[in-house]
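Residue numbers (our numbering), protein chains in the order written: chain A, 1 to 118; chain B, 1 to 153. By construction, the Cβ of each residue, glycine as well, lies at the ideal position given by its N, Cα and C atoms.
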Amino acid sequence: MGVILTIISAGMTYLSAQRRNVAESYEHTAGMELASAVTEMVRALGPGEFEKRKERGTLPKLSSMKYLDGCSYSVRCTPPREGDTRLLRVSVTVRWRSPGGTAAEAGLETLLRSRRDG
Amino acid sequence: MDNRGFTLYEAIVCVALIPLVVTVVVVPVDLIWGGITETQRCAADLQAAERILSEARTTLANAKEVSWNKNEGEASLSGRLADGSAFRLTAKKAGTAFEMKVVFTPKDRLAVVSIGLPRRGNPARPGNGTSGPGVELATAVYLPNLRLPGEAR
Chain A
1 MGVILTIISA GMTYLSAQRR NVAESYEHTA GMELASAVTE MVRALGPGEF EKRKERGTLP
61 KLSSMKYLDG CSYSVRCTPP REGDTRLLRV SVTVRWRSPG GTAAEAGLET LLRSRRDG
Chain B
1 MDNRGFTLYE AIVCVALIPL VVTVVVVPVD LIWGGITETQ RCAADLQAAE RILSEARTTL
61 ANAKEVSWNK NEGEASLSGR LADGSAFRLT AKKAGTAFEM KVVFTPKDRL AVVSIGLPRR
121 GNPARPGNGT SGPGVELATA VYLPNLRLPG EAR
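Next up, the structure:
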C-alpha cells in the first residue's frame, strides 16, 4: 500500500509540475506576442501618436490582455544615438501576475524606422 | 486429498477488495493519466496557435492588396501577395479547435490578429476543449505597403 501511495503521490506532483509549465509557457507566449503587437503599433502610429491614443484609450484592442491577470505594459522610445532621429529604439515591457501571485514580465527591444514620426 | 482452492470466506474477501483496489489504484492512476494527456494537448494547442499566428503575420506582411468585410466586430481579409497569389484570412472557425479574428484599421494600416484557443488551452480554466475559446493570443501587423481598394496604383 505504501508503494502504491508513493507512486500516486509522485504522479500527482509530476502532473502539477506539467500544468504549471504549460500555464507559464502560455503566459510567456501571450506576453511576448503582446510586446510584439505593441511594438508594431508604435511602428505604425509613431511614438507621439501612440502615446496620445494610449491616453485616450483609442488604441486597437488586444484581446489577449484580459487573459493575463493584472496585465499592463510600458513603452520607452529612445534614439539609439544622440541626435539621430531616423531610427528609434523601442522597448516594450509587459507585466502581469502569474497564477501563483508572483510578478512576471516579458520584454522586447526593437530598433525601427518610424514611418510616421509622432 | 489436500484441496488448496479458495474457501468461500477467501472468495468473499477477494470480491470485497475489488472496489477498494479500484478506488485506491485505478481512479487516481486514471486521473493522473488523463491530466497528463490533457496537459500535452494544451502544449500542442499552444504550439499550433503560435504557428497559425506566425503564418498570418507573414502573410499579412507580404500583402500588396487587401479587401475586408466587417461583421459584428470580426473581419475577414483577403487579397493578393507581392507575387500575385491570392490569400484569405477569415474570422470563421478554423476547424473545431481555434478561432481566428482579424480586426483591420485601414486608416492606420494596422491589423490585429488574434487566435482563440479552446478552453483546455488554459490550465487555469480547464475544460473539454469544445466550450469555446478559453484563451487568446493576439498580435498586430503594420502593413505600410498595402494598397487599399479604391486607392490609386
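query: With 16 as the cutoff for other CB atoms within 10 Å, does residue 35 of chain B come out buried or exposed?; result: buried
query: Closer than 7 Å, CB to CB, is residue 32 of chain B near chain A or not?; result: yes
query: Extract the residue ranges of the alpha helix (DSSP H) inside the stretch 21-73 of chain A, only unbroken runs of 4 or more that lie entirely within it.; result: 47-56
query: Would the beta-carbon of residue 39 of chain A fall within 7 Å of that of residue 108 of chain A?; result: yes
query: Comparing the C-beta of residue 43 of chain B with each C-beta of chain A, is any distance below 7 Å?; result: yes
query: Alpha carbon to alpha carbon, how far is residue 48 of chain B from residue 94 of chain B? Give it in angstroms, no decimals.; result: Because residue 94 of chain B carries a pLDDT of 48, less than 50, the predicted location of this residue cannot be relied on, and no value is offered for it.
query: I need the straight-line Cα distance from residue 118 of chain A to residue 10 of chain A, nearest angstrom please.; result: Only weak support exists for where residue 118 of chain A lies, its pLDDT of 45 falling under 50; the coordinates are left without a value.
query: Answer yes if the stretch 93-100 of chain A comes into contact with the stretch 70-79 of chain A, meaning at least three C-beta pairs across the two stretches below 8 Å, and no otherwise.; result: yes
query: So which residues on chain B does residue 15 of chain A lean against when the C-beta distance must stay under 8 Å?; result: 32, 35, 36 and 39
query: Could you tell me the distance, in whole angstroms, from the CA atom of residue 129 of chain B to the CA atom of residue 78 of chain B?; result: Because the pLDDT of residue 129 of chain B is 49, which lies under 50, any placement of that residue in the model is unreliable, and the number read from its coordinates should be weighed accordingly. Computed Cα separation, rounded: 29 Å.
query: Would you call residue 71 of chain A buried or exposed, if buried means 16 or more other Cβ atoms sit within 10 Å of its Cβ?; result: buried
query: Contact defined as beta carbons within less than 8 Å: I believe residue 37 of chain A pairs with residue 43 of chain B. What is the distance between those atoms, to the nearest angstrom?; result: Going by Cβ atoms, the distance from residue 37 of chain A to residue 43 of chain B rounds to 23 Å, so no, they are not a contact pair.
query: In whole angstroms, what separates the C-alpha of residue 110 of chain B from that of residue 46 of chain B?; result: 24 Å
query: Report, in whole angstroms, the separation of the C-beta atoms of residue 26 of chain A and residue 135 of chain B, which I expect to be a contact under 8 Å.; result: 7 Å
query: Give, in chain order, every residue of the stretch 42-60 of chain A whose Cβ lies closer than 7 Å to some Cβ of chain B.; result: 43, 44, 45 and 60
query: Going by Cα to Cα distance, which pick from B:32, B:57 and B:29 is closest to residue 142 of chain B?; result: B:57
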